[in-house]
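Protein chains: 2
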Amino acid sequence: MDIFEVISKRYSYRGAFMDQPVPREDLIKIVQAGIDAPSACNAQSTSFVIVDDAENLSAIVKAFGNKRPYYETAKAMIACVCDRKPAYDDLSFYVEDCAAATQNMLLAITALGYASVWLDGVIRGRIAAEIGRILGVPPIMQVRVLLPIGIPEDRSGRPNQKSPFEYRARFAKE
Amino acid sequence: MDIFEVISKRYSYRGAFMDQPVPREDLIKIVQAGIDAPSACNAQSTSFVIVDDAENLSAIVKAFGNKRPYYETAKAMIACVCDRKPAYDDLSFYVEDCAAATQNMLLAITALGYASVWLDGVIRGRIAAEIGRILGVPPIMQVRVLLPIGIPEDRSGRPNQKSPFEYRARFAKE
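As you go down the protein sequences, you meet chains A and B in turn.
Counted from 1, the first sequence has number 59 at position 59 by this note's numbering; the numbering is strictly sequential.
In short: position in the second sequence from 1, add 1000, done, that's this note's numbering.
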């Protein structure tokens, strides 16, 4: 699938997923895209836990408390785990590293016909810690991003919520 | 160009660029890829200043002080400018927003036959402030990322510095 088509089609999906599993072959392709993202000083600060078994999926859903179709019906999830130590001096780039990996994975998810939504702020704190406990992540590491994955039931695709180019960008000299 | 090919070919280029301009049509495609990236709460916190005129390019090179071929010979640069206000409560996601946009642009740059390198920590502070002044960015905004762009002189491509899949990823349940 063409890169520019994928980039423009990717969107945040918050609906229910179809009752069809995500093959491990596809999950590996998606996570490989995350691994292929750059990281500051090549520190490779993000690691990935891939969840596709009923027991762990259900435990994570319980950790949320609230009910939302995009995690309750997700057939798989990828947890991005950050090593927060500084890359050099006192500068940390684990947030950027994790975001670049997440963006690559969202594009791969889109290209393979799945949908997802970047969960970050909604899990920050208690829920992230609980997901880490479920997945056996050492407490010193941070579960930062969770991507629920599946085939979307609602196929209406990307809503039109983009601003015009001129609102976001300009040439330094016209 | 296929998305998975682009993702695996993208790399950080630190060599010199050829003396060939980057057409504005391509720069617009690249920045549109950045605009198409997600942002938390759709806050669209990243904006973009595209630099392709000799005067501004040369002023930015001077701001660095040191000499490096990847900015001295760059035919264009894109400055990512962050609006740092919180997206909700006291949570800010402008770093993630900017990183996702940067990653999309690096993929677009690769797909179009150019190369770049994600400059962030090396400009943080004095150099970023000076670039902001040169480009007329309001001081309340942060110039966070600079992408120098051009056709690479050295075509050796991505070095093999990736870790094995198993070093970065695992299934929650085998």
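Note that CB positions come from ideal geometry on N, CA and C, so glycine has one too.
Computed from a predicted structure; not experimentally measured.
Mind listing which residues of the region 75-109 of chain A have their C-beta closer than 9 angstroms to chain B's C-betas, in chain order? Cβ contacts with chain B come from MET77, ILE78, ALA79, ALA87, TYR88, ASP89, LEU91, PHE93, VAL95, GLU96, ASP97, CYS98, ALA99, ALA100, ALA101, THR102, GLN103, ASN104, LEU106, LEU107, ALA108.
- Just the chain B side, please: which residues come within less than 8 angstroms of LEU135 of chain A by C-beta, in chain order? Going along chain B in sequence order, the residues near LEU135 of chain A (Cβ under 8 angstroms) are ALA1172.
For ALA1059 of chain B, I'd like the list of residues in its chain whose CB is within less than 8 angstroms of its CB, leaving aside the five on either flank, ordered along the chain. Contacts found: ILE1134.
Counting pairs of Cβ atoms below 8 angstroms between the region 1049-1056 of chain B and the region 1101-1110 of chain B, do you hit three or more? At 8 angstroms Cβ cutoff, the stretches do not touch.
Can the beta-carbon of TYR114 of chain A be found closer than 9 angstroms to that of PRO152 of chain A? At the C-beta level, TYR114 of chain A and PRO152 of chain A come within 9 angstroms of one another.
Every unbroken alpha helix (DSSP H) within the region 1050-1104 of chain B, with a cutoff of 4 residues, ordered by chain
Under the rule that a run must span 4 or more residues, the alpha helix (DSSP H) segments found entirely inside the region 1050-1104 of chain B read 1054-1064, 1069-1072.
Name the chain A residues whose beta carbon is nearer than 9 angstroms to that of SER1045 of chain B?
Identification of chain A residues near SER1045 of chain B by a Cβ-Cβ cut-off of 9 angstroms yields none; the smallest Cβ-Cβ distance measures about 10 angstroms.
Pull up the distance between the alpha-carbon of ARG68 of chain A and that of ALA1101 of chain B, whole angstroms please.
Computed Cα separation, rounded: 27 angstroms.
| message | Distance check for ILE3 of chain A and ARG124 of chain A, CA to CA, integer angstroms please. | response | Looking at the two C-alpha atoms, the distance is approximately 31 angstroms.
Exercise for the section: Measuring alpha carbon to alpha carbon, tell me which of A:SER163, A:ARG155, A:LYS173 ends up nearest ARG14 of chain A. Expected result: Distance check between ARG14 of chain A and each of A:SER163, A:ARG155, A:LYS173 places A:ARG155 closest, using alpha-carbon atoms only.
Straight-line gap, PHE1171 of chain B to VAL49 of chain A (C-alpha atoms, nearest Å):
Cα-Cα distance, rounded: 6 angstroms.
What's the gap between the Cα of GLY1121 of chain B and the Cα of GLN20 of chain A? Each residue's alpha carbon lies about 43 angstroms from the other.
Taking the beta strand (DSSP E) that ILE149 of chain A falls in, what are its first and last residues? Going by DSSP, ILE149 of chain A is part of the beta strand (DSSP E) stretching over 142-149.
Review point. Short check: CB of TYR1011 of chain B to CB of PRO38 of chain A, under 9 angstroms?
Key: Result yes, Cβ atoms of TYR1011 of chain B and PRO38 of chain A sit closer than 9 angstroms.
What is the DSSP secondary structure of ALA1016 of chain B, counted as helix, strand or coil?
Coil.
Note to self: What would DSSP say about SER116 of chain A, mapped onto helix, strand or coil?
What the structure shows: Strand.
Residue nearest to GLN1032 of chain B in terms of C-alpha spacing, selected from A:GLU174, A:SER163, A:LYS173
Checked all of A:GLU174, A:SER163, A:LYS173; the closest Cα to GLN1032 of chain B is A:SER163.
Find the nearest neighbour of LEU146 of chain A within the set A:ARG158, A:GLU166, A:ILE140, A:GLN103, judged by alpha-carbon distance.
Put simply, of A:ARG158, A:GLU166, A:ILE140, A:GLN103 the residue whose alpha carbon is nearest the alpha carbon of LEU146 of chain A is A:GLN103.
Notebook entry, point to check: Exposed or buried, what is ASP89 of chain A when buried is set at 16 or more other beta-carbons lying within 10 Å of its beta-carbon?
Noted result: In this structure ASP89 of chain A is exposed. Its beta-carbon is surrounded by fewer than 16 other beta-carbon atoms within 10 angstroms.
Since ALA1033 of chain B meets chain A, which of its residues come closer than 9 angstroms, beta carbon to beta carbon?
Within 9 angstroms Cβ-Cβ: ILE3, PHE4, ILE7, SER8.
- Query: From what residue to what residue does the beta strand (DSSP E) around ALA1169 of chain B run?
  - Reply: Note, ALA1169 of chain B: beta strand (DSSP E), 1169-1171.
- Query: Does any C-beta atom of chain B lie closer than 9 angstroms to the C-beta of PRO38 of chain A?
  - Reply: So yes, PRO38 of chain A belongs to the interface.
Below-9 angstroms beta-carbon distance, VAL22 of chain A vs any chain B residue | Taking a beta-carbon distance threshold of 9 angstroms, VAL22 of chain A does not count as an interface residue toward chain B.
How far does the alpha helix (DSSP H) with GLN32 of chain A in it reach, from first residue to last?
Secondary structure note for GLN32 of chain A: its alpha helix (DSSP H) is the uninterrupted segment 24-35.
**Study point:** Nearest-angstrom Cα separation, counted from GLN142 of chain A out to TRP1118 of chain B
**Key:** When rounded, the distance between both Cα atoms is 24 angstroms.
- Quick one: Cα of GLU96 of chain A to Cα of MET77 of chain A, how far? The alpha-carbon atoms of GLU96 of chain A and MET77 of chain A are separated by roughly 21 angstroms.
Item checked: Selection from B:ILE1028, B:PRO1148, B:VAL1006 that minimises the alpha carbon distance to ASP166 of chain A -> Reading off the sequence, residue 166 of chain A comes out as Glu, not Asp. Residue B:ILE1028 holds the alpha-carbon nearest to the alpha-carbon of GLU166 of chain A among B:ILE1028, B:PRO1148, B:VAL1006.
- What's the call for GLY157 of chain A, buried or exposed, on a 16-neighbour Cβ count within 10 Å? Exposed is the call here.
- Compute the Euclidean distance between the alpha carbons of ARG84 of chain A and ILE149 of chain A, then round it to the nearest angstrom. One C-alpha to the other measures close to 26 angstroms.
Mapping the DSSP letters down to three states, classify SER47 of chain A as helix, strand or coil.
Strand, per DSSP.
is_contact[GLN1142 of chain B, chain A] using C-beta, thresh 9 angstroms: GLN1142 of chain B has a beta carbon lying at 9 angstroms or more from every beta carbon in chain A.
*Flag VAL61 of chain A as yes if its beta-carbon sits less than 9 angstroms from any beta-carbon of chain B, otherwise no.*
Chain B, which has no Cβ nearer than 9 angstroms to the Cβ of VAL61 of chain A, makes this no.
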